[in-house]
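These notes concern the structure reproduced below.
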Amino acid sequence: MALELDRIGRALGASRTVAAVVPELASLLNDERDEVVTAGLDAAAALTRNGFLPSAAVANSLLAPILDMYASASPALELSLAWLLGPFGVQLEPLLDESGRQTLVRAFVDYASARPPFGDHPGVALLQPARSLLAPTIDGRALPSLLEYTVEPRGLVPLAVAFNSPAVFATFGGVHKHGLVICNVLDKLTQSEEECVRATLARALPVVGECIADRAAPGSESSVAMARAVRDVSLVLLSDSRPEVAGAATAGLSRLLEGLDTALRTRAKACALAPAADIRFFAPYAPVLLAAFASLPALAWRARAETVSQWAVVGRFFDHEVVFGDFAPVLLGLLTGSGTASAVRAAAATTLVVTMRTLRRSQLRNELCNSVLAELARGKSSWRRVAFVDVVAAAVRTCSRAFVKDKFLQSFLDVANDNVANVRLRAAAQLVHIKRMLSLPLDTYLLKKLEDIAAAYASDPLPSVAAAGRAASAELARIKLVPAVRHSVTPQFEDDLQDQRKAEEETKLLTLSEASFLKRLLPSGSGSATRQAFSSRSRRRR
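Residue numbers for the sequence shown follow the working numbering, beginning at 1 and rising by one.
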């Protein structure tokens, strides 16, 4: 056998003509001994990796004996067969006609569906054939026939499709005529109760979102259909009682939102995408995000914090009533919960501030700010006042000085004199950042009040608060508030430039009035309907 393998190896290395070695390769594949057949499979894999498939006739001559093995392969050959069909399928597919392509698909489906999920073999190896069949080299015409066989709820087939769904969506998802087919596949995959199928599909959600954002126009029929399909799939995955599935769905949904946000920002810069188109595009995901909150307890605290931080897009893209009526109460609930991890509370505070800052209507900004002050700054529980300090810290990092001073500063100074030591300790860490936001002579009174608070902390009976107060007083003394020098680059000048950019962004977001915003939201030519709807909504509110 060694001599035979050596001869085959030399033939493969020296000859550029596959026809010269096909008979010998076929004899190895038809041998009764597993070790000889394995050697033949390895040789065939090397053959296909090097691209030695010059004609359909040669391809068919190798296809027949290899596919015959799938009906009676011994366990010793299964792994080699699975790895072989990956590169072999990619090389064969362009050479096969429709009948040959169907034969190849049926061979994989029959082989995979006859095995239990994973079994004693590495799942990735068994899924390799599907990855090759769903590669971008396949003609789009083959997709419907391929999906016809791969949506059967048997064995490894749903798992194979879920595993390869990123390739499917990336290749065909943006094509209108295949969009509904993809939606049908998503629906059938979620009907599977297998944990591995659902968890694998959840990990593919980010790729689905990127495909929708990149290849389909927001508001188009295919885009809306796929967005709703993703919404329905996500709701099923998030409601799964198994932590592995719900956790993967929540994490996948977070990355999906991040990808959508990035993609739409890019599109907006390239083609001046209207904010109204963004809102039409994101609207189907609102109930999904709300359902995602229910799955948070199943995640570790790091995953929960990362997930909550991704929800900051809701203020920019969702309808304002949805943001104010649905998301804000849930975020406040995360902030006020006594058992919430500090990292999750910080993420919720940042998300709440970003949502407040990006609301396009000043009325809703003020309402949300008043809710924060009523629920947190004037809350009876010390946990609520600690949460308010976290919100102020997030606002200092995110918003302009004018925004912070207008919305939060006076309330922060009141909370800093709290009777609870834990609140004072948390507030001490923000005194230095607050001073950097003040300017003289306008904020002389606020500066004096800030320094008095630091001095009171330095003499606090609790050692930890006293230490924090002494450190804050020393740092405050080193900060000199002087007018910014506009002709030199100093740290204060750089802070001023950054603050100016933040203020300009906040002003820009407020330039859209309610009437103009609703006018953009509706299709062109409906100006009178827009004004009528706006007027009726305004009367109902009053």
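Here a beta-carbon is modelled for each residue, glycine too, at the ideal position from N, C-alpha and C.
If you follow the alpha helix (DSSP H) that residue i is part of, which residue opens it and which one closes it?
{"i": "Cys369", "result": "Ser362 to Val372"}
{"i": "Ile453", "result": "Thr444 to Ala458"}
{"i": "Ala468", "result": "Pro463 to Arg478"}
{"i": "Gln410", "result": "Gln410 to Val415"}
{"i": "Leu359", "result": "Run containing Leu359: none; DSSP gives neither H nor E here."}
{"i": "Lys435", "result": "Leu431 to Lys435"}
{"i": "Pro441", "result": "Neither: Pro441 is in no alpha helix (DSSP H) and is coded neither H nor E."}
{"i": "Ser382", "result": "Ser382 to Thr398"}
{"i": "Ala421", "result": "Ala421 to Ala428"}
{"i": "Ala328", "result": "Ala328 to Thr336"}
{"i": "Ala402", "result": "Arg401 to Val404"}
Should residue i go down as buried or exposed, given a rule of 16 or more other Cβ atoms within 10 Å for buried?
{"i": "Pro441", "result": "exposed"}
{"i": "Ala246", "result": "buried"}
{"i": "Leu368", "result": "buried"}
{"i": "Asp240", "result": "buried"}
{"i": "Ile479", "result": "exposed"}
{"i": "Ser464", "result": "exposed"}
{"i": "Ala348", "result": "buried"}
{"i": "Asp406", "result": "exposed"}
{"i": "Asp545", "result": "Residue coverage of the chain in this structure runs from 1 to 542, which leaves residue 545 outside it and unanswerable."}
{"i": "Gly339", "result": "exposed"}
{"i": "Thr336", "result": "buried"}
{"i": "Thr355", "result": "buried"}
{"i": "Leu497", "result": "exposed"}
{"i": "Thr444", "result": "exposed"}
{"i": "Ala474", "result": "exposed"}
{"i": "Ala39", "result": "buried"}
{"i": "Arg357", "result": "buried"}
{"i": "Arg378", "result": "exposed"}
{"i": "Gly86", "result": "Caution applies to Gly86, whose pLDDT of 46 falls short of 50 and renders its modelled position unreliable; the model cannot decide the point."}
At the level of alpha carbons, what is the spacing between residue i and residue j?
{"i": "Arg397", "j": "Glu505", "result": "15 angstroms"}
{"i": "Lys380", "j": "Ala199", "result": "42 angstroms"}
{"i": "Leu205", "j": "Ser192", "result": "17 angstroms"}
{"i": "Ser309", "j": "Glu35", "result": "54 angstroms"}
{"i": "Arg543", "j": "Ala202", "result": "Because residue 543 is not part of the residues shown, which for the chain are 1 to 542, the question remains open."}
{"i": "His121", "j": "Ala229", "result": "In this prediction, His121 scores a pLDDT of 36, lower than 50, which makes its location untrustworthy; no coordinate-derived value is stated."}
{"i": "Gln410", "j": "Phe403", "result": "12 angstroms"}
{"i": "Ala591", "j": "Leu332", "result": "The chain is shown from 1 up to 542; residue 591 falls before or after that span and cannot be answered."}
{"i": "Asn366", "j": "Glu195", "result": "45 angstroms"}
{"i": "Lys449", "j": "Ala503", "result": "25 angstroms"}
{"i": "Arg470", "j": "Ala395", "result": "25 angstroms"}
{"i": "Arg385", "j": "Leu476", "result": "24 angstroms"}
{"i": "Leu438", "j": "Ala468", "result": "21 angstroms"}
{"i": "Arg424", "j": "Phe388", "result": "12 angstroms"}
{"i": "Ala346", "j": "Ala393", "result": "9 angstroms"}
{"i": "Ala472", "j": "Val344", "result": "26 angstroms"}
{"i": "Ala374", "j": "Val233", "result": "37 angstroms"}
{"i": "Trp383", "j": "Ala427", "result": "13 angstroms"}
{"i": "Ala249", "j": "Arg242", "result": "11 angstroms"}
{"i": "Glu32", "j": "Leu235", "result": "51 angstroms"}
{"i": "Thr137", "j": "Gln500", "result": "The predicted model places Thr137 with a pLDDT of 37, which falls under 50 and marks its position as unreliable, so this point remains unresolved."}
{"i": "Leu28", "j": "Asp187", "result": "44 angstroms"}
{"i": "Gln363", "j": "Leu189", "result": "44 angstroms"}
{"i": "Leu352", "j": "Leu481", "result": "30 angstroms"}
{"i": "Ala421", "j": "Gly252", "result": "40 angstroms"}
{"i": "Val391", "j": "Thr350", "result": "7 angstroms"}
{"i": "Val432", "j": "Leu334", "result": "27 angstroms"}
{"i": "Ser371", "j": "Gln430", "result": "22 angstroms"}
{"i": "Ala305", "j": "Leu447", "result": "34 angstroms"}
{"i": "Pro461", "j": "Leu376", "result": "26 angstroms"}
{"i": "Val197", "j": "Leu238", "result": "14 angstroms"}
{"i": "Val37", "j": "Asn30", "result": "7 angstroms"}
{"i": "Leu359", "j": "Arg231", "result": "24 angstroms"}
{"i": "Cys399", "j": "Leu256", "result": "25 angstroms"}
{"i": "Ala466", "j": "Asn419", "result": "14 angstroms"}
{"i": "Glu24", "j": "Glu244", "result": "49 angstroms"}
* Three or more C-beta pairs closer than 8 angstroms, one from the stretch 455 to 470 and one from the stretch 401 to 415: is that the case here? -> no
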